[in-house]
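Residue numbers (my numbering): 835 to 1038. Even glycine gets a Cβ: it sits at the ideal position worked out from N, Cα and C. Here the structure is a predicted model, which is why all the values come from computation and not from measurement. Okay, structure first, notes after.
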Amino acid sequence: MECQKCETRVIVGTIPKQHTQRLGLKIFGSRSRWRSCGNYTLWVVSNDAERQEAISLADAEANLSVELDEEGVTIKADTVGGLEALAKELRAVEVPIRHASIGKVNRRDVRTAENSNDPLHRIILAFATEILPDAEEEIENSENGVKYLGSDIIYHILEEREEWVEQRTRELEEASREKVVYPGRILLLPDHTFPRLKTCSSRS
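Right, here's the structure in full:
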């Protein structure tokens, strides 16, 4: 798949405004194939070096050949080859993959993992790449229990994931048992029942 580049120019006068909080961004384009939500990554660059890096990442993303599922884990790697190798090992142990991309783990990856329906799929597996500080903060503040596992060795990632799945499964089972109302049984023993005593008071 060839990665096509396009240039967008602002033709309406605007006043720049800095935003520090989370907000939604809507982008309008003329190419219909760019309108599919979540299929392409957008980069904002300020110099030629960042532009070349963005082009390289876009080319790698376009050539990515990792089969994705509607529900599964999130995986990251520093290169296409590393990502495909991690995906291959996960497929061998029947682990579904919902999202796969190259680069450092960012807040978008955390939100993707957080939105998984299966609690055991709310995990990010990163091979030979780093996690950004804002993504770490996002994980700490997550209410759905997102887990991050990163290593330069794929088998370490697989082993740590297995341990986490076992631990997380036990936690979910314990939490489920606490919500269950269990039936009870009462044994009535002979000569062990006592009538309720009534007291009376006299008025003089």
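Spatial neighbours of ALA962 in its own chain (CB-CB distance under 7 Å, excluding positions within 5 residues in sequence) are listed in chain order as ALA911, ASP912, GLY916, ASP986.
DSSP places VAL907 in the uninterrupted beta strand (DSSP E) bounded by 907 to 911. If only uninterrupted beta strand (DSSP E) runs of at least 3 residues are considered, those enclosed by the region 979 to 1011 are 981 to 985. With fewer than three CB-CB distances shorter than 8 Å, the region 1002 to 1012 does not count as touching the region 923 to 941. The region 1011 to 1020 and the region 977 to 994 do not touch, with fewer than three beta-carbon pairs separated by less than 8 Å. Secondary structure remark: continuous beta strand (DSSP E) runs of at least 3 residues inside the region 889 to 957, in chain order: 907 to 911, 931 to 936. In this structure, the CA atom of ASN978 is about 54 Å from the CA atom of ASP1025. Distance check between ASP943 and each of GLU918, VAL929, GLU971, VAL927 places GLU971 closest, using alpha-carbon atoms only.
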